[in-house]
Amino acid sequence: EDQVTQSPEALRLQEGESSSLNCSYTVSGLRGLFWYRQDPGKGPEFLFTLYSAGEEKEKERLKATLTKKESFLHITAPKPEDSATYLCAVQARDFGNEKLTFGTGTRLTIIP
Amino acid sequence: DTEVTQTPKHLVMGMTNKKSLKCEQHMGHRAMYWYKQKAKKPPELMFVYSYEKLSINESVPSRFSPECPNSSLLNLHLHALQPEDSALYLCASSQDGFTPQHFGDGTRLSIL
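The listed protein sequences correspond, in order, to chains D and S. The first sequence begins at 24 in this note's numbering and counts up by one. The second sequence begins at 8 in this note's numbering and counts up by one.
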């Protein structure tokens, strides 16, 4: 069974204080790993897809990396508007399996 | 603004009522999804439609009935719901089931 574990559960940072969120996964053949951001009362907003170990993607203050066992979401010099829950999800390579398995998320709070 | 539109945004219903949730996308995506999300939990997959055919039903109770009238529209018909069904119901779409899923902002459902 596919599993995704995110840590920490919650993280409070001062504005400008860089840090990383972790997503550890076990999956029977990875098709893709996805990062989403979710604001309270809203749907998840797609950030990145990573397909193979060594791949990296960047967007503004966020950078996602992937190894064979985990992914990191690095946040550099965060601002208060980066406060949100960050969700990681994996999709297995099984033919016909469109299902995403989500982690429980990291609630990130950036203090001005 | 999300490209997946869900209506209504909020719904309060009694346990004997019948209501429907609606989801629409005009991105030409051929896979559409219903998720249920409880507070501080990740989204849980309910149903997947691929090319307008139901491809995944995650053992959802029959009081939830999905319908895909065409490639742009997805409905979720609700009947005789229980208080524990109160949650945020999210719709998502993806180009072919194996590309990133894009979410709507959900319908907040409360069962009295």
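Ideal Cβ positions, reconstructed from N, Cα and C, are used throughout, including at glycine.
Per-residue contacts from residue i into chain D (C-beta, under 9 Å)
i, result
"residue 112/S", "64, 65 and 66"
"residue 67/S", "In chain order: nothing, as chain D lies at least about 14 Å away."
"residue 55/S", "121 and 122"
Buried/exposed call for residue i, threshold 16 Cβ in 10 Å
i, result
"residue 38/D", "exposed"
"residue 112/S", "buried"
"residue 11/S", "buried"
"residue 75/D", "exposed"
"residue 96/D", "buried"
"residue 7/S", "Examination of residue 7/S is not possible in this model, given that chain S is present from 8 through 119 alone."
"residue 39/S", "buried"
Cutoff 8 Å: residue i Cβ touching any chain S Cβ
i, result
"residue 72/D", "yes"
"residue 132/D", "no"
"residue 28/D", "no"
"residue 88/D", "no"
"residue 56/D", "no"
"residue 110/D", "yes"
Contacts of residue i in chain S (Cβ-Cβ under 9 Å)
i, result
"residue 69/D", "107, 108, 109 and 110"
"residue 127/D", "47, 48 and 49"
Bridge-paired residues (DSSP) for residue i
i, result
"residue 70/D", "In the DSSP output, where bridge partners are listed per residue, residue 70/D has none listed."
"residue 39/S", "56/S and 100/S"
"residue 111/S", "In DSSP, residue 111/S forms no bridge with anything."
"residue 79/D", "88/D"
"residue 28/D", "47/D"
Contact check, residue i vs residue j, beta carbons under 8 Å
i, j, result
"residue 94/S", "residue 110/S", "no"
"residue 122/D", "residue 52/S", "yes"
"residue 52/D", "residue 107/D", "no"
"residue 61/D", "residue 127/D", "no"
"residue 104/S", "residue 57/S", "yes"
Residues that residue i contacts on chain D, provided the C-beta gap is smaller than 8 Å
i, result
"residue 104/S", "121"
"residue 38/S", "121"
Residue-level contact to chain D via CB, residue i, 8 Å cutoff
i, result
"residue 52/S", "yes"
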